[in-house]
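Novice: Pasting a structure below so you can have a look.
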Amino acid sequence: MSVLIKDVDKELYARFKAAAAMRGIRLNEALCKAMEYWLKMEETKSQDDYDRIINNATYRRLFPELIKEHEDEWIVISKGKVIGLFKTRIEAIKAIKANNLIHTCNLVTPITRKKRKVTLGFGRKLK
Amino acid sequence: MKLTFDYKIPVYSEIPAPYLIIILSDPLNIKEIELSALIDTGYDGELLIPPDIYDKLNLKAFEFSNDVVSIAETASGEHLELQSASGSIKIKGHDLITIITIDTHIRCKEVIIGRKFLESYNTLLKGPNKQVQLEFALN
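Residue numbers (the working numbering), protein chains in the order written: chain R, 1 to 127; chain B, 1001 to 1139.
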């Protein structure tokens, strides 16, 4: 079958086309391989990955309101739902047990504008 | 109180280096693991662990938002995306349990103790004896 696809990134397409040509593969074959590969990648994403995405999306959506009245407090989010707001980290951690969320991927995170900056040593090899 | 630990050979070096023996667990202390942790003052966080240990301790239940966790930077300018969570730690031979922020990265192969953790202790490297001595600073 033939497919017309609009709004494809010009540079990405050029790189893809060049890579296929270099390997002597026709563009349609390379595209089918790429689609198969992408589908496999998506299928191997775990429930935890999805929970992580949805929890972070919830945090981001609520952040403008949260930061006004709850800065430096802690929030617990599970499956995209707010479990509660807490004054301390310990209280937030205890909420995980109290709500029987020990086996799910949750956010137990401070409400802050500060982003942690971490430095790893020179030459730190994370191979 | 002073504790002494022997140097060990790190994963990525042939030269013995200072290590602490730590008991690491999730912040509710449901599951714990005893580990050797390399002291690395080039890392300014508290504890960096390989992802398999992160998974064993089920730290996914206590994660920080991606907006709070940083992109770590190496001194050579490489940027690495970290996943962080709360956990608890105690030094072997001492009962004090501390809640800390634990970082992990997919390419991390070694448990690393950083400067932020060491801020609470006097750490003495006894190079000739190949030992590290940790003294608990009483506040």
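The beta carbon of each residue, even a glycine, is placed where N, CA and C say it ideally should be.
Using the rule of at least 16 other Cβ atoms within 10 Å of the residue's Cβ for burial, across every protein chain shown, is B:Pro1010 buried or exposed?
Specialist: Here residue 1010 of chain B corresponds to residue number 10 of the second sequence, with the count starting at 1. Result: buried.
Novice: If you draw a straight line from the C-alpha of B:Leu1082 to the C-alpha of B:Asp1052, how long is it?
Specialist: For the purposes of this step, residue 1082 of chain B is taken as the residue at position 82 of the second sequence. For the purposes of this step, residue 1052 of chain B is taken as the residue at position 52 of the second sequence. The straight-line gap from Cα to Cα measures roughly 14 Å.
Novice: Can you tell me the Cα-Cα spacing of B:Glu1014 and R:Ile111, whole angstroms?
Specialist: Locating residue 1014 of chain B in the second sequence gives position 14, counting from the first residue. Locating residue 111 of chain R in the first sequence gives position 111, counting from the first residue. If I take the Cα positions, the gap works out to 43 Å.
Novice: For R:Pro135 and R:Leu4, I'd like the C-alpha separation in whole angstroms.
Specialist: No answer is possible for residue 135 of chain R: it lies beyond the span of chain R, which begins at 1 and ends at 127.
Novice: In terms of residue numbering, what span does the alpha helix (DSSP H) encompassing R:Lys6 cover?
Specialist: Reading the first sequence from its first residue, position 6 is the one you call residue 6 of chain R. Where R:Lys6 is concerned, there is no enclosing alpha helix (DSSP H), given that its DSSP letter is neither H nor E.
Novice: Who are the Cβ neighbours of R:Thr104 in its own chain at under 6 Å, not counting the five residues just before and after it?
Specialist: Here residue 104 of chain R refers to the residue found at position 104 of the first sequence. Excluding residues within five positions, the ones whose Cβ falls inside 6 Å are Ser78.
Novice: What in chain B is Cβ-close to R:Asn106, meaning under 9 Å?
Specialist: Against the first sequence, residue 106 of chain R aligns to sequence position 106. Under the 9 Å cutoff, chain B gives Lys1060, Ala1061, Phe1062, Glu1063.
Novice: Does the Cβ of R:Asn56 have 16 or more other Cβ atoms within 10 Å, making it buried, or fewer, making it exposed?
Specialist: Here residue 56 of chain R is taken as the residue at index 56 of the first sequence, counted from 1. By the 10 Å Cβ count, R:Asn56 comes out buried.
Novice: Counting along the chain, where does the alpha helix (DSSP H) carrying R:Ala95 start and finish?
Specialist: Along the first sequence, one-based indexing puts residue 95 of chain R at 95. Per DSSP, R:Ala95 belongs to the alpha helix (DSSP H) from 89-98.
Novice: Under a Cβ-count criterion, where at least 16 other Cβ atoms within 10 Å of its own Cβ denotes burial, should B:Ala1085 be classed as buried or exposed?
Specialist: Against the second sequence, residue 1085 of chain B aligns to sequence position 85. Buried is the call here.
Novice: Quick check on R:Trp74: buried or exposed, where buried means 16 or more other Cβ atoms within 10 Å of its Cβ?
Specialist: On the first sequence, residue 74 of chain R is found 74 positions in, with the first residue counted as 1. For R:Trp74, the number of other beta carbons within 10 angstroms of its own is at least 16, and it is reported as buried.
Novice: Using a 10 Å radius around the Cβ and a threshold of 16 neighbouring Cβ atoms, would you call R:Lys6 buried or exposed?
Specialist: Position 6 of the first sequence, counting from 1, holds the residue named residue 6 of chain R. By the 10 Å Cβ count, R:Lys6 comes out exposed.
Novice: Quick one: what does DSSP say B:Phe1064 is sitting in, helix, strand or coil?
Specialist: Sequence index remark: in the second sequence, residue 1064 of chain B carries index 64 (1-based). Three-state result, B:Phe1064: coil.
Novice: Alpha helix (DSSP H) containing R:Ile54: first to last residue?
Specialist: Taking the first sequence and counting its residues from 1, the one referred to as residue 54 of chain R is at position 54. Where R:Ile54 is concerned, the enclosing alpha helix (DSSP H) stretches over 47-70.
Novice: I'd like to check one pair, B:Ala1017 with B:Lys1008: are the Cβ atoms closer than 8 Å?
Specialist: To locate residue 1008 of chain B, count along the second sequence from 1; it is residue 8. To locate residue 1017 of chain B, count along the second sequence from 1; it is residue 17. Contact annotation: B:Lys1008 and B:Ala1017 have beta-carbon atoms nearer than 8 Å.
Novice: Just the C-alpha distance for R:Asn28 and R:Ser2, rounded to the nearest angstrom, thanks.
Specialist: Taking the first sequence and counting its residues from 1, one reaches residue 28 of chain R at position 28. Taking the first sequence and counting its residues from 1, one reaches residue 2 of chain R at position 2. When only Cα atoms are considered, R:Asn28 and R:Ser2 end up about 10 Å apart.
Novice: Between B:Phe1136 and R:Asp48, what straight-line distance do the alpha-carbon atoms span, to the nearest angstrom?
Specialist: Residue 1136 of chain B sits at position 136 when you count from the first residue of the second sequence. Residue 48 of chain R sits at position 48 when you count from the first residue of the first sequence. Going by the C-alpha atoms only, they are around 38 Å apart.
Novice: Under 7 Å between beta-carbons, which chain B residues line up against R:Val118? List them in chain order, please.
Specialist: Translated into the one-based positions of the first sequence, residue 118 of chain R becomes position 118. By Cβ distance, chain B contributes Asp1044, Gly1045, Ser1070, Ala1072, Leu1082, Asp1103.
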